[in-house]
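Chemist:
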Amino acid sequence: MLWACIYLPSLALDGILRRRPTEGPLVLVDGPINARTIVSANDAARAAGLHVGQRLSAAQALLSQFDAIPYDRESVERWHQFLAAVAYRYSSEVSLLPHAIVLEVSKSMGLFGPWPRLESMLRADFTDLGFRHRMAAAPTAHAAHVLTTVSDGQAVLTVDTLRNALQRVSIVKSRLPEKAIATLPSMGIRTLGQVLALPRDGLRRRFGVELLASLDRLTGDLPSGLELYRPPDTFDLRIELLHEVENQSALIFPVRRMVDDLAAYLAGRDGGVQRFLLRLEHREGHFTDVPVGLLASERDGALLFEFARGRLEHVTLPEPVLALRLIARDLPAFVPAGRDLFDERHANALPIEQLRERLRARLGDGAVYRLGSTQDPRPERAQREATHDEVPIEPHPRPTWLLRRPVPLRGGNPIILAGPERVETGWWDGGEVCRDYYVIETSLGQEAWAFCAPDEQTGWMIHGWFA
Amino acid sequence: MNAVVPLSALLDARQVWRGRAPEVPIGDQPTGLRALDAVLPAGGWPEASLSEILLPVDGVGELRLVLPMLARLTQGQRHVVIVSPPYAPCVAGWRQQGVDMRRVEIVDAGEKDVLWATEQCLRSGSCAAVLAWPHHADDRALRRLQVAAATGQALAFVFRDRSHLSNASPAALRLELEALPRPQVWVRKCRGGAVPAQAVPLPRSVH
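Same order as they appear, the protein sequences are chains A and B.
For the record, in the first sequence the residue sitting at position 155 is 155 according to this note's numbering, with numbers rising by one throughout.
For the record, in the second sequence the residue sitting at position 15 is 15 according to this note's numbering, with numbers rising by one throughout.
1. Counting along the chain, where does the alpha helix (DSSP H) carrying Asp-12/B start and finish?
2. Between which two residues does the alpha helix (DSSP H) carrying Leu-11/A extend?
3. Can you tell me which residues form a DSSP beta bridge with Met-135/A?
4. Could you pull the DSSP bridge partners for Ser-49/B from this structure?
5. Three or more C-beta pairs under 8 Å: does that hold for the region 85 to 92 of chain B against the region 30 to 49 of chain B?
6. When we look at the beta-carbon of Ala-61/A and count the other beta-carbons within 10 Å, is it buried (16 or more) or exposed?
7. What are the start and end residues of each continuous alpha helix (DSSP H) run of 4 or more residues lying completely inside the region 195 to 255 of chain A, in chain order?
8. When Cβ atoms are compared, which residues of the region 113 to 138 of chain B fall closer than 9 Å to chain A?
9. Who does Ala-35/A pair with in a DSSP beta bridge?
10. Output yes if chain A places a C-beta closer than 8 Å to the C-beta of Arg-69/B; else output no.
11. Look up Val-80/B in the DSSP assignment and give the residues it is bridged to.
12. Considering Cα atoms alone, identify which of Gly-445/A, Asp-260/A, Pro-291/A and Leu-304/A is closest to Leu-277/A.
13. Say whether chain A places a C-beta atom closer than 8 Å to the C-beta of Arg-191/B.
14. Tell me the DSSP bridge mates of Arg-435/A?
15. Just reading off the beta strand (DSSP E) that Thr-288/A is part of, what are its end residues?
16. For Arg-175/A, which residues of its own chain have a beta-carbon under 6 Å away from its beta-carbon, when the five flanking residues on both sides are left out?
17. Please list, in chain order, the chain A residues whose beta carbon lies closer than 7 Å to that of Gln-96/B.
18. What number of angstroms, rounded off, separates the C-alpha of Leu-115/B from the C-alpha of Arg-73/A?
19. Could you tell me whether any non-hydrogen atom of the ligand HEM is closer than 7 Å to the CB of His-243/A?
20. Can you tell which of Arg-256/A, Pro-336/A and Leu-355/A has the C-alpha that lies nearest to the C-alpha of Ala-308/A?
21. Determine, using beta carbons only, whether Gly-372/A comes closer than 8 Å to chain B.
22. Checking contacts by CB at 8 Å: is Pro-351/A closer than that to chain B?
23. Beta-carbon within less than 6 Å of Glu-105/B's beta-carbon, same chain only, minus the 5 sequence neighbours each way: which residues are those?
24. Straight-line CA distance for Asp-30/A to Arg-55/A?
25. Is Leu-417/A helix, strand or coil when you go by DSSP?
26. For a contact meaning CB atoms closer than 7 Å, what does Gly-431/A contact in chain B?
27. Could you tell me which residues DSSP pairs with Trp-401/A in its beta bridges?
28. What do you get for Ala-143/A, buried or exposed, if any count of 16 or more other CB atoms within 10 angstroms of its CB means buried?
29. Checking the sheet assignment: what are the DSSP bridge partners for Tyr-369/A?
30. Would you be able to state if there are at least three C-beta pairs under 8 Å between the region 40 to 50 of chain A and the region 82 to 89 of chain A?
31. Taking a Cβ distance cut-off of 8 Å, strictly less, list which residues of the region 404 to 424 of chain A are near chain C, in chain order.
32. What are the start and end residues of the alpha helix (DSSP H) that includes Ala-149/B?
33. Which of the three DSSP states, helix, strand or coil, is assigned to Lys-189/B?
34. Whole-angstrom Cβ separation of Phe-157/B and Ala-129/B, contact assumed at under 8 Å?
35. Report the neighbours of Glu-62/B on chain A: residues whose CB is nearer than 7 Å to its CB, in chain order.
36. When the Cβ atoms of the region 55 to 64 of chain B are set against those of the region 159 to 166 of chain B, are three or more pairs found closer than 8 Å?
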């Protein structure tokens, strides 16, 4: 067993900063309304002298201009869950610890390579998503968690070296039960090594079984007992904008982030998305929905963003937007398109499916189609949008252009080149047709497919061109 | 008069520029019309470039020119895109000419998006040929299409009214169709060769 722990020291702050990159000082505040205290501060705020635990009123005395945002427990919980879904890509055993995510990686290394490689992949993912983190690996989940609080990037790969690594960890950072952390230093015991060396009997009598269980979980004598994370079956992400947005172009940046998150989630789930919804929330519960539908399941972030942006550009905002929500419920399996090894297309060609998506995103859902034959002999109904073509080829002459509706022939008398071909059908469905079709040449030299009433050869109606 | 200067000395001094015959594009896209192939420098449609077809009216044989090529491409599992055609392609008629309609994508684009859609298709590299009916296309727009066709290694065709003949065009090949007194094709410009003086008769469609 090898557990990796990703410790997220500023989950709440990063969650806000990633959708609002700011240079200025920014703090998160929490507590009762008359005694707000700072719970998190960005670099600019710390440089100005603000620190965690400070009263908001004291901070305001120090610095006149800074942003104070209320600490939102729910959003922290949501980010925590979301990052677990991202980590799920690397292991099927993912658990949540306070401000941290642990995952079992001994089996994953067969796929992703040895730990240093896997570590850099994890780090790249979390850095790309905009979350600061510390990482460690150890044979038990709790030991990995403890190691992240001490240093960043430490890897203890075997059980034998684990005790050594834990020796010098100070009691304050050991994540043992609070009672023990409070009492042990006064007994002259300052490191984990010293605790582990104490007789177990005595420890149990003084601190109860709880402390022993924590120590055993740390060293691996007891299983970690963590509940495994299960990724949700739908993706639902909501972000509140900081200002009212009246112009779509200002929505592009947050949408990009959201779609990237969706892509990260889909990669973790090894799935794709075929349909998702962008909900633009206005005041008083009004909202505008922008559905994004794809022809096939996709999961590439850049691609999804391109389609979402294409749809978004066509929306006119009736009211200012306060919040954005991305909902994806239809998450089918992702099947990458098969490619021939000896494909003739050049290297950076865009597959035809993606080209169709790109065109649909800008021109509308019904703008790209293929035509196929039907069994109906009436020219108006002889073809429809389809992708199959099983009908035998028509033996009579057919034009290459078909007019959407027949138009009367103007000009002098035509020359009949071929015909007639009688089409008489449809009496059963109200679309009765009785016509004689001819191939004619018009006075302008065009070859036309025209019909008239049976046996008349006057009142020509043009229905197509032999172009 | 000075002494006779040897030609090689002049050439070595790089004072004389030596003209070269223009590179004849080699192509493997016969039009299906022998008489036309014979007069075109590439022996058919110029590959990875733009061809412009100018018409007096619709329905005078513009598709007869390209359908043999479309049939060959679609039967070879290549995709073909038709951008905002003036009429609906008649499936039965196209299939009679051997076109596999499963590989023909039809794109309905508004007036402003025709050129955009055409460029996207050409540039993508996944389409063997793109046929477009742009409403307004100036010299710059056509040049963009020519560049896109070269990038995506695709055959590009634009169909326009004959009135555009007097304007210069960056297309590699310009054909003008004539319906009266008899259907024929004039080659108005062809890169890599002299413009033939005679028109090529266009056979009627077979009934």
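Glycine included, every Cβ here is placed at the ideal spot set by N, Cα and C.
Fair warning: this is a prediction, and the values are worked out from it, not measured in the lab.
Modeler: Taking the structure as given:
1. In the DSSP assignment, Asp-12/B falls within the unbroken alpha helix (DSSP H) covering 7 to 12.
2. Counting along the chain, the unbroken alpha helix (DSSP H) around Leu-11/A starts and ends at 11 to 17.
3. Ile-6/A
4. DSSP lists no partner for Ser-49/B.
5. Contact between the region 85 to 92 of chain B and the region 30 to 49 of chain B is absent: fewer than 3 CB-CB pairs across the two stretches fall below 8 Å.
6. exposed
7. 200 to 207 and 209 to 219
8. Asp-113, Trp-116, Ala-117, Gln-120, Cys-121, Arg-123, Ser-124, Gly-125, Ser-126 and Cys-127
9. Partner(s): none; Ala-35/A has no beta bridge.
10. It is worth fixing the name first, because residue 69/B is Met in this sequence and not Arg. Not an interface residue.
11. Val-104/B and Ala-129/B
12. Pro-291/A
13. no
14. Val-423/A
15. 287 to 298
16. Exclusion of the five residues before and after Arg-175/A leaves Val-146 as the residues of its chain whose Cβ lies within less than 6 Å of its Cβ.
17. Ile-393, Glu-394 and Arg-398
18. 51 Å
19. In terms of ligand content, the structure shown is empty, and the ligand HEM therefore cannot be addressed.
20. Distances from the alpha-carbon of Ala-308/A to those of Arg-256/A, Pro-336/A and Leu-355/A put Arg-256/A closest.
21. By this cut-off, Gly-372/A is an interface position.
22. The beta carbon of Pro-351/A falls within 8 Å of a beta carbon belonging to chain B, placing the residue at that interface.
23. Val-81
24. 10 Å
25. strand
26. Simply none; closest approach about 18 Å.
27. In the DSSP output, where bridge partners are listed per residue, Trp-401/A has Trp-465/A and Pro-89/B.
28. buried
29. Ile-106/B
30. no
31. Absent from the structure is chain C; the protein chains it does hold are A and B.
32. In the DSSP assignment, Ala-149/B falls within the alpha helix (DSSP H) that extends over 139 to 152.
33. strand
34. 7 Å
35. Chain A residues near Glu-62/B: Ala-467.
36. yes
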